[in-house]
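Contents: one structure, followed by commentary.
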Amino acid sequence: MKRFISYLTRELNLDTSQSEVIEYGLSSLLFTSLSLIMAIILSVLLGLLYETMSVLSVMMLYRKVSGGAHVSSPHGCLFLGTVIILLLAYLTTLFAPLYAGNALTIFVPPCLAMIIAYLRVPADVPQKPITSVRQIKTLRLLSFSMITLWGLLGVYVFITKGKWSIHYFAGNLGLLWQSFLLTPLGYQVIAIFDPLFLRNGMNDK
95 MKRFISYLTR
105 ELNLDTSQSE
115 VIEYGLSSLL
125 FTSLSLIMAI
135 ILSVLLGLLY
145 ETMSVLSVMM
155 LYRKVSGGAH
165 VSSPHGCLFL
175 GTVIILLLAY
185 LTTLFAPLYA
195 GNALTIFVPP
205 CLAMIIAYLR
215 VPADVPQKPI
225 TSVRQIKTLR
235 LLSFSMITLW
245 GLLGVYVFIT
255 KGKWSIHYFA
265 GNLGLLWQSF
275 LLTPLGYQVI
285 AIFDPLFLRN
295 GMNDK
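And the structure:
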């Protein structure tokens with residue numbers, strides 16, 4: 095990775111800040127992909143595949159347009175992301191059979207997500223700042239659109255009360271977790287984990 099970044103820096107005549115942004119983006123893409131693969135493999139072994147896919151679909155899509163806190167170490171991001179995804183999937187198996195068709199569990203999460211999105215989206219990080227006004231407007235529009243469509247899907251799930259209610263419950267957990275990562279408290283919680291991974295030599299630097 096370092097050699098490839100150095101090559102791009104030389105060929106494209108990039109300055110230090112531009113090189114760091116590219117390195118961050120590529121590392122994020124690599125370890126996000128690894129996190130997805132690990133989560134899917136472990137979910138199959140644990141019998142949580144469908145719940146995991148529901149959590150992943152909503153959480154990762156929304157993260158792409160909303161931003162949010164994350165562990166700065168790619169290895170830490172891989173570990174923590176996988177654990178959270180599997181934990182949310184497991185919580186789905188515990189509580190979805192009891193509450194999946196409830197109006198509160200269907201409609202409250204999208205409403206909370208919309209409020210947080212209005213206040214916080216896009217939520218950037220120092221490694222990848224968002225400074226373009228046009229980009230900010232685009233990300234906000236995409237975030238609001240996604241939450242709105244997800245909420246409309248919730249209306250359908252509530253009316254039909256079919257088997258999709260459990261998957262919607264799992265998706266709502268993913269939506270809530272990602273929304274939490276947009277808040278100051280979310281940044282503070284993730285910051286607690288950073289030293290843990292760095293201290294244990296899990297940084298890739």
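Residue numbers for the sequence shown follow the numbering used here, beginning at 95 and rising by one.
C-beta: ideal position from N, C-alpha, C; glycine also.
Per DSSP, the beta bridge partners of A217 are G161. In the same chain as I210, and ignoring 5 residues on each side of it, the C-beta atoms closer than 7 Å to its own belong to S273, L276, T277, in chain order.
Our two residues, I253 and A163, have alpha carbons roughly 35 Å apart in a direct line.
Annotation: S166 is outside any alpha helix (DSSP H) and is labelled neither H nor E by DSSP. Collapsing the DSSP output to three states places L180 in a helix.
With fewer than 16 other CB atoms across the displayed protein chains lying within 10 angstroms of its CB, R228 is exposed. P168 counts as buried, since at least 16 other C-beta atoms from the protein chains shown sit within 10 angstroms of its C-beta.
S129 and R157 have their alpha carbons spaced roughly 14 Å apart.
Comparing C-alpha distances from I241 to each of S160, A285, T225 shows the shortest one belongs to S160. DSSP places T199 within a helical segment (H, G or I) once states are collapsed to three. If you look at G248, you'll find it in the alpha helix (DSSP H) that goes 227-254. Separation of the CB atoms of G265 and V152 is rounded to 4 Å, and the pair is thereby assigned contact status at 8 Å. In the three-state reduction of the DSSP assignment, P289 falls in the helix class, which pools H, G and I.
Judged by DSSP in its simplified three-state form, I224 adopts coil rather than helix or strand.
Judged by DSSP in its simplified three-state form, L142 adopts coil rather than helix or strand.
In terms of Cβ geometry, T176 and M132 form a close pair [threshold 8 Å].
In the same chain as I200, and ignoring 5 residues on each side of it, the C-beta atoms closer than 7 Å to its own belong to G248, V251, F252, Y262, in chain order. The beta carbon of R234 sits closer than 6 Å to those of V215, all from its chain and outside the five residues before and after it, given in chain order.
DSSP places T126 within a helical segment (H, G or I) once states are collapsed to three. Distances from the CA of W271 to each of L181, T187, K255 were compared; the closest alpha carbon is that of L181.
Under the three-state reduction of DSSP output, T277 falls in the coil class, being neither helix nor strand. With fewer than 16 neighbouring CB atoms inside 10 Å of its own CB, I135 falls in the exposed class.
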